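Protein chains in written order, with our numbering: chain A, 124 to 236; chain F, 124 to 236.
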DNA sequence: CTCGATGTTCAATGAATGTTGAACTATTAC
DNA sequence: GTAATAGTTCAACATTCATTGAACATCGAG
């Protein structure tokens, strides 16, 4: 059925949805870590965050971030490549993402490498 | 009992708490309206927001904003004067409040004046 | 002191949230 | 083909969240 992942268009990203999505430690950590991985999607998949929770929980959180318009999820084989929607967020809420990221917790990323 | 309203000190304001508090339409509207009322507390009391919900609901939301460190609540007689903690928020998360406020919904403030 | 106004507290309620494990789909490797 | 890998979906569950109405506390005015 809905095999296509829905992403809100830039203009459909709303502030309450973004704030709500980021108001969770796990999701904030995902975004923070994601921001430290260069521009495009680079080998950052869902399982990259398994240290933050079970794969079911991650699926849930990542869907929330996607539906809020914060991240992009692109299927690549059996994996999903994740990336921050920096441009869209900056266009929609100038300065917002930068201020959040600069204040985001150090995010002791302990990754299963 | 605890007749004194607790406000977190500047350094105890955390990003997840702030994001969580702002991830609610009613509270975002309160903050938005509050930001449009000059610097200090100026005749802006809890009942100023009665168009946004019942007084019980407002008491709840205003307490949330206070506990998150977003607003200051100063008792004045039987009223409480509300004000944004602009300085503390700016010191803690530079640029954050400005970016949120500039993107916040127009806040059709219909006040019982 | 009594009244009216401003808010808070409490218990109850329903909705939304986040987590889990099992089952499932889809792709890749062999 | 089978098996392994990567995620999703589902039902169940516990927790938190937001709202309501009733009762209460506090202050100012008269």
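Here a beta-carbon is modelled for each residue, glycine too, at the ideal position from N, C-alpha and C. Note that the coordinates shown come from a computational prediction; the quantities given were computed from them, not determined experimentally.
A straight line joining the alpha-carbon of residue 222 of chain F with that of residue 137 of chain A spans about 13 Å. At a C-beta separation below 7 Å, residue 227 of chain A has these neighbours in chain F: 138. Residue contact with chain F for residue 217 of chain A: present (Cβ-Cβ distance below 8 Å to some residue of chain F).
Cβ-Cβ distances below 7 Å link residue 220 of chain A to 209, 212 and 213 in the same chain, with the five nearest sequence neighbours on each side left out; the list follows chain order. About 7 Å separates the beta carbon of residue 192 of chain F from that of residue 141 of chain F, a gap short enough to meet the 8 Å contact definition. At least one CB of chain A lies nearer than 8 Å to the CB of residue 148 of chain F.
Where residue 211 of chain F is concerned, there is no enclosing beta strand (DSSP E), although the alpha helix (DSSP H) around it starts and stops at 209 to 215.
The Cβ of residue 143 of chain F sits closer than 8 Å to at least one Cβ of chain A. From the beta-carbon of residue 151 of chain A, the residues of chain F found nearer than 8 Å are 138, 139 and 142.
Looking at the DSSP output, residue 197 of chain F shares a beta bridge with F/204. The segment 187 to 205 of chain F makes no contact with the segment 193 to 201 of chain A; the number of CB pairs closer than 8 Å stays below 3.
Residue 135 of chain F sits in a helix when the DSSP states are folded into three classes. Annotation for residue 178 of chain A: 169 and 170 place their beta carbon closer than 8 Å to its own, counting only its chain and skipping 5 residues before and after. Going by DSSP, residue 157 of chain A is part of the alpha helix (DSSP H) stretching over 148 to 158. In this structure, the straight-line span from the alpha carbon of residue 186 of chain A to that of residue 188 of chain F is close to 27 Å. A check of alpha carbon separations from residue 203 of chain A across A/227, A/129, A/167 and A/139 identifies A/167 as the nearest.
Ranking F/160, F/156 and F/184 by CA distance to the CA of residue 144 of chain F puts F/184 first.
Neighbours of residue 223 of chain A in chain F, taken as residues at a C-beta separation under 9 Å, are given in chain order as 138, 142, 216, 219 and 222.
Counting the other Cβ atoms within 10 Å of the Cβ of residue 181 of chain F gives 16 or more, which makes it buried.
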